[in-house]
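Notes to accompany the following structure.
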Amino acid sequence: MIEKAYTILNKYASIIVPVGLFLLIFAVYFPLLSIGFFSDDYHMLSVVSDQGSVWKYWITNLIGERGGHSYGPIYNMVFTLEYWLFGLHSLGYHVFTLFFHFMSACLVFFFGRALSKRVSVGLGAAILFSILPNHTESLAWVSVQPHVLSTLGYLGALLSYFLFLQKQTVLRYIVMLGSVIFALFSKDAALTLPIALILMHVFFSRPSFTKESLYSFFRTILPVVAITGVYLFLRTYTTQSGGYYAGALDVSFFPLLSMFVEITVNMFVVYPARMIVTHFLPTTFVVLLLLPFFLYFFILYTKRIQKSVRTPLWFLCCLYPVVLAPFLLLQYNVLHDGGERYAYLGSSIFFILFSYVIYTFLRRYIKQSSFRLVYFGIFFLFFLLFIPISISKNMNWEAAGDVRDSIFSSELVVSSDDYVLFVGIPDNIDGAELFRNAIFESFSLENDMDLSGERLPLYTLLDKDRALSLVFEEVTPYEFLLTPQENDVDDVVFTGFPHYDHAFGSAELGGFDSFGSVGRSIRIVFDEEKIEDAFTGERSLVLVYFSDGVFQSVSLY
0 MIEKAYTILN KYASIIVPVG LFLLIFAVYF PLLSIGFFSD DYHMLSVVSD QGSVWKYWIT
60 NLIGERGGHS YGPIYNMVFT LEYWLFGLHS LGYHVFTLFF HFMSACLVFF FGRALSKRVS
120 VGLGAAILFS ILPNHTESLA WVSVQPHVLS TLGYLGALLS YFLFLQKQTV LRYIVMLGSV
180 IFALFSKDAA LTLPIALILM HVFFSRPSFT KESLYSFFRT ILPVVAITGV YLFLRTYTTQ
240 SGGYYAGALD VSFFPLLSMF VEITVNMFVV YPARMIVTHF LPTTFVVLLL LPFFLYFFIL
300 YTKRIQKSVR TPLWFLCCLY PVVLAPFLLL QYNVLHDGGE RYAYLGSSIF FILFSYVIYT
360 FLRRYIKQSS FRLVYFGIFF LFFLLFIPIS ISKNMNWEAA GDVRDSIFSS ELVVSSDDYV
420 LFVGIPDNID GAELFRNAIF ESFSLENDMD LSGERLPLYT LLDKDRALSL VFEEVTPYEF
480 LLTPQENDVD DVVFTGFPHY DHAFGSAELG GFDSFGSVGR SIRIVFDEEK IEDAFTGERS
540 LVLVYFSDGV FQSVSLY
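Mapping to numbering that gives the first Met the number 0: the sequence shown position 208 is 207, numbers consecutive.
This is how it looks when you write it as structure tokens:
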């Protein structure tokens, strides 16, 4: 029965697997289709609603300016298309995101199958990639689409170049170059693509140092290097920075290795288990004992298998750290799931490697009659493990959507002339974004309220299972304090900058702890002279904070 089913799967895999992945992805992530927009989404919507020509993004950053911020004209074009099609209706944006994820999952399957020449390897990798719980952030938050788009282009470049090395055709080479452009100009995480393609050439083209071989190598790789050079020039011109690699030489080895371990651990466990494994396991122990052990085991293991299997395994083993390299300069959030999007691209390669290792190991040590049952049984267990976690993460984003809707129903007593000071606005719910950025743009788009003022980067941390009530206290006429109610006083409920100077004074986190940048209170201080000069007549300074599920407004001056 199993053999017959596998024969059918093997014969029609190019149809059955994509259909199955499509149904699986939309079934698991269906709740995300209705969660709406968050944080930076509103900034992008505000920019696109008044942007003019979309072609300008090739020489500007994401928000149409020159200077800081990110660079990704392909993402700008995709987002503009979504805005033209769907306006402020978020459903279409989320459908696009899931469709891009589905296409990436298909490429994981086809690339895994091409490397291993086994349908089972590609299928196992694609299933785990499709439903990996740490992908929820990448799929729920529209502003993270660049990660999904860049991964799609990255995988397209790898697959098309691998096929090109097997049989050199103009079409495959053009597809590869197009994929490189798509990946790079979506997100600078694809900066390692030239290295990845060179690795592939070394492993699979039987290179030699003959004149013909070297000419063939440079002829195929130089256009990729040229595209990357153009990208770096444009990115540096528009943002005055080179991307993830900027400052890389100033970073020590151990923090990079620590992030590498944390991302890899995150393939199987999520916060807080990820923290338990990585932050309580000394990096020196990992370097001196664990990594050498795994490397030694891998060398011994691959020595015993035939070269046609060993070559793809070593290629994937070398490719994985290359793909992760841009993200090793970053850090996960130590308080919640935030930042798990950094593992999106790397997971596509990791699970092909993981599936191939499992396949070759079982093939060597398990009887042929029970091999496939054991192999797919392992992946079924991962399926059972991942699905509940993904559902829980979906619920976090649904809860964030409920809080957002509640906030927009807040009755703010504010006029268009008032100066609004937002403080303690909700940052996230267990890693699901809310309003770290774009609070003014969101009220303009959702409530048609054109507010002016300032957002202080001191935020409230929320728990979806418990409501938060804050106490607003006047210490002096020019000093105010935000604290949790008495029964929550020992809890860490605020995060952000330890000290921040705003237009009319300063603010700081009380009881600040640098681990997680958290505090137990927010103190807001105003400069008496500045207040008296600015607020005369009908203009008022209104402080807005979050409590009991809505925004509370207090007219101070």
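Idealized CB from N, CA, C, for every residue including glycine.
Please read all numbers here as calculations on a predicted model, not as lab measurements.
Applying the criterion that 16 or more other CB atoms from any shown protein chain within 10 Å of the CB defines a buried residue, is glycine 510 buried or exposed?
Classification for glycine 510: exposed.
Considering only the beta carbon of each residue, do isoleucine 34 and glycine 400 sit closer than 7 Å?
Yes. Within cutoff.
At least 3 beta-carbon pairs within less than 8 Å: the segment 116-125 vs the segment 408-419
Too few Cβ pairs lie closer than 8 Å, so no.
Integer Cβ distance of glycine 495 from leucine 508, believed to fall under 8 Å
Yes, they are in contact, since the Cβ atoms of glycine 495 and leucine 508 sit about 6 Å apart, within 8 Å.
Element boundaries [alpha helix (DSSP H), containing glutamate 410]
Going by DSSP, glutamate 410 is part of no alpha helix (DSSP H) at all; its letter is neither H nor E.
On the premise that arginine 435 lies in contact with glutamate 38, defined as a C-beta separation below 8 Å, what is that separation, rounded to the nearest angstrom?
According to the sequence provided, residue 38 is serine. The question's glutamate does not apply to it. Right, their Cβ atoms sit about 5 Å apart.
Would you check if there are 3 or more beta carbon pairs closer than 8 Å linking the segment 310-318 to the segment 259-277?
Contact fails: fewer than three Cβ-Cβ distances are below 8 Å.
Report all residues from its chain with a CB closer than 6 Å to the CB of glycine 452; omit the five preceding and five following residues, and keep chain order.
Once the five neighbours on either side are set aside, the close Cβ partners of glycine 452 are Tyr418, Val419 and Leu420.
Whole angstroms is fine: what's the gap from tryptophan 57's alpha carbon to tyrosine 236's?
Tyrosine 236 has its alpha-carbon roughly 10 Å from the corresponding atom of tryptophan 57.
Look at the alpha carbon of tyrosine 343 and the alpha carbon of glycine 152, and state the distance between them as a whole number of angstroms.
Our two residues, tyrosine 343 and glycine 152, have alpha carbons roughly 13 Å apart in a direct line.
Nearest to glutamine 167 by CA position, among Phe297, Phe203 and Leu106, is which residue?
Nearest option by C-alpha distance: Phe203.
Taking the alpha helix (DSSP H) that proline 584 belongs to, which residues open and close that run?
The chain is shown only over 0 to 556; residue 584 falls outside these bounds and no answer can be derived.
Is the Cβ-Cβ distance between leucine 162 and arginine 171 less than 7 Å?
For leucine 162 and arginine 171, yes; Cβs fall inside 7 Å.
Rounded to the nearest angstrom, how far is the Cβ of leucine 460 from that of phenylalanine 493, given a contact under 8 Å?
A Cβ-Cβ separation of about 7 Å places leucine 460 in contact with phenylalanine 493 under the 8 Å criterion.
In the DSSP assignment, find the alpha helix (DSSP H) that holds arginine 171 and state where it starts and stops.
DSSP places arginine 171 in the uninterrupted alpha helix (DSSP H) bounded by 169-183.
Any idea what DSSP makes of isoleucine 523, helix, strand or coil?
Residue state, collapsed to three classes: strand.
With a CB to CB cut of under 7 Å and the five nearest residues on each side skipped, what residues in its chain are close to proline 132?
Within the same chain, proline 132 has close Cβ partners Val269, Phe385, Ile388, Ser389 and Lys392.
Where proline 476 falls: helix, strand or coil (DSSP):
Coil.
Leaving out five residues on either side along the sequence, give the residues of the same chain with a beta carbon under 7 Å from the beta carbon of glycine 246.
Below a pLDDT of 50, predicted positions are generally treated as unreliable, and glycine 246, at 48, falls in that range; the measurement from the model is reported next regardless. The beta carbon of glycine 246 is closer than 7 Å to none in its chain, skipping five residues each way along the sequence.
I need the straight-line Cα distance from phenylalanine 381 to serine 129, nearest angstrom please.
CA-to-CA, the gap between phenylalanine 381 and serine 129 works out to about 12 Å.
Pair every Cβ in the segment 360-380 with every Cβ in the segment 426-433, then say whether three or more of these pairs are closer than 8 Å.
Cβ pair count under 8 Å is below three, so no.
Are the Cβ atoms of valine 517 and serine 505 separated by less than 7 Å?
No, the Cβ-Cβ distance between valine 517 and serine 505 is not below 7 Å.
Identify which residue in Leu87, Ser149 and Val77 has its Cα closest to the Cα of leucine 106.
The shortest C-alpha separation from leucine 106 is found at Ser149.
What does DSSP give as the partner residue(s) for threonine 494 in the beta ladder?
DSSP lists Tyr458 and Val517 as partners of threonine 494.
Looking at the unbroken beta strand (DSSP E) that takes in phenylalanine 98, where does it start and where does it end?
No beta strand (DSSP E) contains phenylalanine 98, which is instead part of the alpha helix (DSSP H) from 89-115.
Indicate the three-state DSSP secondary structure (helix, strand or coil) for glycine 452 in the structure shown.
Residue state, collapsed to three classes: strand.
I need the DSSP call for proline 271, collapsed to helix, strand or coil.
In this structure, proline 271 counts as coil in the three-state DSSP scheme.
Which residue comes first and which comes last in the alpha helix (DSSP H) that contains glutamine 165?
Looking at the DSSP string, the run of the alpha helix (DSSP H) that includes glutamine 165 is 144-165.
Using a Cβ distance threshold of 8 Å, determine whether the segment 368-375 contacts the segment 212-225, with at least three qualifying pairs required.
Of all C-beta pairs linking the segment 368-375 to the segment 212-225, fewer than three are shorter than 8 Å, placing the two stretches out of contact.
Of the residues Trp396, Ser103, Val413 and Phe78, the one placed nearest isoleucine 348, counting alpha carbons only
Nearest in C-alpha terms to isoleucine 348, of all of Trp396, Ser103, Val413 and Phe78, is Ser103.
When burial is assigned at 16 or more other CB atoms within 10 Å of the CB, is glutamate 81 buried or exposed?
In the assembly as shown, glutamate 81 is a buried residue. Its beta-carbon has 16 or more other beta-carbons within 10 Å.
Leucine 420: first and last residue of the uninterrupted beta strand (DSSP E) it sits in:
For leucine 420, the enclosing beta strand (DSSP E) stretches over residues 418-421.
Report, in whole angstroms, the separation of the C-beta atoms of alanine 533 and phenylalanine 503, which I expect to be a contact under 8 Å.
Between phenylalanine 503 and alanine 533 the Cβ distance is about 7 Å, and since that is below 8 Å, they are a contact.
So the candidates are Gly155, Glu528, Ser546 and Ala188; which of them puts its Cα closest to the Cα of leucine 176?
When each option's Cα is compared against that of leucine 176, the closest is Gly155.
Could you give the first and the last residue of the continuous beta strand (DSSP E) run that contains glutamate 440?
Run containing glutamate 440: none in the beta strand (DSSP E); it sits in the alpha helix (DSSP H), 438-446.
Option nearest phenylalanine 550 by Cα separation, candidates Ser539, Asp404 and Glu478
Selected option, being the one with the closest Cα: Asp404.
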